[in-house]
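Colleague: Mapping to the working numbering: the sequence shown position 89 is 843, numbers consecutive.
Think of the CB as a built atom: it goes at the ideal place given N, C-alpha and C, for glycine as much as any other residue.
Only a predicted model underlies this, so the values are computations on that prediction, with no experimental measurement involved.
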Amino acid sequence: MTVITHFKDKLAGLARSEGRDYAAGSADERPLAGYAATMSVYAAVVAAIAATARATGRDVPDGLDLRQVALSAAATHKLSRLLAKDPVTSPLRAPFTAYQGTAGPAELDEEVRGTGGRKAVGELISCPFCLGVWVATGLAAGQVFLPRTTRMAIGTLAALAGADLLQYAHAWLQQQTS
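#1: If we require 3 or more residues per run, which beta strand (DSSP E) segments fall completely within the region 808-888?
#2: Just curious, the alpha helix (DSSP H) that P901 is in, first and last residue?
#3: First and last residue of the alpha helix (DSSP H) that includes D763?
#4: Do L836 and G909 count as a contact pair if the criterion is CB distance below 8 angstroms?
#5: Assess, as a yes-or-no matter, whether the region 860-871 is touched by the region 816-823 under the definition of 3 or more beta carbon pairs within less than 8 angstroms.
#6: Please classify S780: does DSSP put it in a helix, a strand, or coil?
#7: If you draw a straight line from the C-alpha of A828 to the C-alpha of A769, how long is it?
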């Protein structure tokens, strides 16, 4: 047995032990290895974006003004919800979730299925809060590589988020008058 194999086996055993201890007393499985893999993929994506920007000589914007931050926040919110909850995007989630019903206007309630990595991915793609980091990172990368197109996408998504607020306000006003 090589030193590397021995070290790898010890590390894997320690991770399994920590995972058992972490979830002790809970009926829910906590797929820590899947979460670690997901974080590793995210870190690799960010590193690849940074390396590509550097290799291609792309300028990273100095910063975002308050207007850009607000539009990006609205766009991130809307795209995260579209990906995590919208009926039209359910085929993307289907391998990792099970349909439970509707959760509100144009949103689905889905249960994460599977164990380990499959469960971790299911939790990621069915949670708009979890997806928000990925979406915001993608929009930021878009600002570096395709700024005009990304600004158009951000504006469109922000407008859609605003339209959603108006739909809710309209529905609320209708309830108040009936």
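Modeller: On the basis of the supplied data:
#1: DSSP runs (the beta strand (DSSP E)) wholly in the region 808-888: 851-858, 861-866.
#2: Segment 901-931, the alpha helix (DSSP H) holding P901.
#3: Following the DSSP letters along the chain, one finds D763 inside the alpha helix (DSSP H) bounded by residues 757-776.
#4: No, the Cβ-Cβ distance between G909 and L836 is not below 8 angstroms.
#5: With the cut-off at 8 angstroms, the region 816-823 and the region 860-871 do not touch.
#6: Coil.
#7: Whole-angstrom Cα-Cα distance: 38 angstroms.
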